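J.: 410 is the number of the first residue of the sequence shown in this note's numbering; add one for each residue after it.
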Amino acid sequence: MKPRSSKTLAINIAKIASEKLASTILILELKNVESAPADYFVICSTHSQPQTKSVFDEIYYQIKNLGITLPKIEGLDSLDWILLDYFDVVVHVMTEEARNFYKLEKLWSDAKFFTLDEENKPISFKRENLKKMFSAPTV
């Protein structure tokens, strides 16, 4: 069933990433952030390049099967950071090293932050908890 909103699409993508064992999954709501390139970002970490590709593949094929327009894709050459651009939702699948280096959460700190609870339901996430999520200080 095709998601009815960009928020639903972002949540579905976060759930798929969770099923593939991606870690530190965050949904950033950017609707009220000036000059934001999308309504939502989904950012998740992986432990290796093969896992990055695996998470990407699962998101790509599951969302394709819902009838969503195919995304613009960047990063398949390096596999450290793969970006899927669904226009209203942009997905960042990143190795932990790339995520610690680029610090997207700091760059987009004006966004509302969400994560998934144990039942894969979105819950608010406080930005001050970001420091606890990463091995290297990021904010």
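Cβ coordinates follow ideal geometry from the N, Cα and C atoms, glycine included. No experiment lies behind these values; they were computed from the predicted model shown.
1) Quick check on DSSP: helix, strand or coil for Y495?
2) Just list the residues that DSSP pairs K522 with in beta bridges.
3) Roughly how many whole angstroms lie between the Cα atoms of A426 and L439?
4) Under 8 Å, with one C-beta from each stretch per pair, do the segment 523-543 and the segment 470-477 reach the 3-pair mark?
5) Could you please give the first and the last residue of the uninterrupted alpha helix (DSSP H) stretch that includes F450?
6) Alpha carbon to alpha carbon, what distance is there between F510 and F413?
7) Quick check: the segment 492-506 against the segment 413-422, are at least 3 beta-carbon pairs closer than 8 Å?
8) In this structure, how does DSSP classify P446 when only helix, strand and coil are distinguished?
T.: By the coordinates alone:
1) On the sequence shown, position 86 is the one that residue 495 refers to. The answer is coil: DSSP assigns Y495 none of H, G, I, E or B.
2) Stepping through the sequence shown from its first residue, residue 522 is reached at position 113. The residue asked about is misnamed: residue 522 is Phe in this sequence, not Lys. When beta bridges are read from the DSSP output, F522 appears opposite L437.
3) Translated into positions along the sequence shown, residue 426 becomes position 17. Translated into positions along the sequence shown, residue 439 becomes position 30. Whole-angstrom Cα-Cα distance: 20 Å.
4) Touching, no.
5) As a working mapping, residue 450 is identified with position 41 in the sequence shown. In the DSSP assignment, F450 falls outside any alpha helix (DSSP H) and within the unbroken beta strand (DSSP E) covering 449-455.
6) By one-based count along the sequence shown, residue 413 stands at place 4. By one-based count along the sequence shown, residue 510 stands at place 101. Residue identity check: residue 413 is Arg in the sequence provided, not Phe. Their backbone Cα atoms lie some 34 Å apart in a straight line.
7) Yes, the segment 413-422 is in contact with the segment 492-506.
8) Reading the sequence shown from its first residue, position 37 is the one you call residue 446. If DSSP states are grouped into helix, strand and coil, P446 belongs with coil.
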